[in-house]
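In what follows, a structure is listed as structure tokens, so that the remarks can point back to it.
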Amino acid sequence: MPEEIQDAEQDFTPEFFTPVSEEHVRQEKAKARLLRDSQWWKNLRGNGLCYYCRKRFPPKKLTMDHIVPIIRGGMSSKSNVVACCKDCNSRKKYLLPIEWQEYVTQIQEPQKRN
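Residues 332 to 445 (our numbering) make up the sequence shown, in order.
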């Protein structure tokens, strides 16, 4: 991984983090399991495109990510769920879109230059 991306990744520490209840997490994870079985999810994943880095992957290599993480109050709904590669999902963790955007911009820049 390029050094500037590693440095940027270390700078992303949420300034405001209030965890939600365990019940909310449990309910939303159950909803996510149902979404994974839906034709909607299969079609979305079937595109093979990571929502964040915009790279192509075999559909089975894409994971479900909550744009607003469940732990930060996000819901398991079509408007809050995207297909992304495992690397982006692991790096994003519990970040909100505004906290994650600068990092995403940095990883997309090299692709634009090529």
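No residue lacks a Cβ here, since even glycine has one placed at the ideal position from N, Cα and C. Keep in mind it's a predicted model, so treat the numbers as computed, not measured.
*asked:* By alpha-carbon positions, which one of Leu426, Glu430, His355 and Pro400 ends up nearest to Ser410?
replied: Looking up residue 410 in the sequence shown gives position 79. Of Leu426, Glu430, His355 and Pro400, the residue nearest in Cα terms is Pro400.
*From the DSSP output, which residues share a beta bridge with Ala509?*
The structure shown does not extend to residue 509, since the chain is modelled only from 332 through 445, so no value can be given for it.
*asked:* Between which residues of its own chain and Glu440 is the CB-CB distance below 8 Å, once the five residues before and five after are set aside?
replied: As a first step, residue 440 is located in the sequence shown; it is residue number 109 there, counting from the start. For Glu440, where only same-chain residues beyond five positions count, there are no Cβ hits under 8 Å.
*Specify the secondary structure class of Arg385 as computed by DSSP and reduced to three states.*
For this step, residue 385 is matched to residue 54 along the sequence shown. Coil.
*asked:* Mapping the DSSP letters down to three states, classify Leu380 as helix, strand or coil.
replied: Against the sequence shown, residue 380 aligns to sequence position 49. Three-state DSSP puts Leu380 in a strand.
*Simplified DSSP assignment, three categories, for Tyr425*: In the sequence shown, counting from the first residue as 1, residue 425 sits at position 94. Coil.
*Of the listed residues Leu380, Arg367, Lys373 and Lys362, nearest to Cys419 (C-alpha basis)*: As a position in the sequence shown, residue 419 is number 88, starting the count at 1. With distances taken between Cα atoms, Cys419 lies closest to Leu380.
*For the alpha helix (DSSP H) containing Val356, list its first residue and its last residue.*
If you number the sequence shown from 1, residue 356 lands on position 25. Glu353 to Arg367 is the span of the alpha helix (DSSP H), which, as asked, contains Val356.
_Alpha-carbon to alpha-carbon, Pro389 and Ala361_ = Residue numbering aside, residue 361 sits at position 30 when the sequence shown is read from its first letter. Residue numbering aside, residue 389 sits at position 58 when the sequence shown is read from its first letter. Here the alpha carbons of Pro389 and Ala361 stand approximately 25 Å from one another.
*Of the choices Gly405, Leu393, Gln370 and Arg364, whose alpha-carbon is the least far from that of Pro350?*
The residue you call residue 350 lines up with position 19 of the sequence shown. The alpha carbon of Pro350 has as its nearest neighbour, out of Gly405, Leu393, Gln370 and Arg364, the alpha carbon of Gly405.
_So, under 8 Å CB-CB, Leu366 and Val412 are touching, yes? Tell me the CB distance rounded to an integer number of Å._
The residue given as residue 366 occupies position 35 in the sequence shown. The residue given as residue 412 occupies position 81 in the sequence shown. About 6 Å separates the two Cβ atoms, so the contact holds.
*When DSSP labels each residue in this structure, what does Pro390 get in the three-state scheme?*
Translated into the one-based positions of the sequence shown, residue 390 becomes position 59. Taken through DSSP and simplified to helix, strand or coil, Pro390 comes out as helix.
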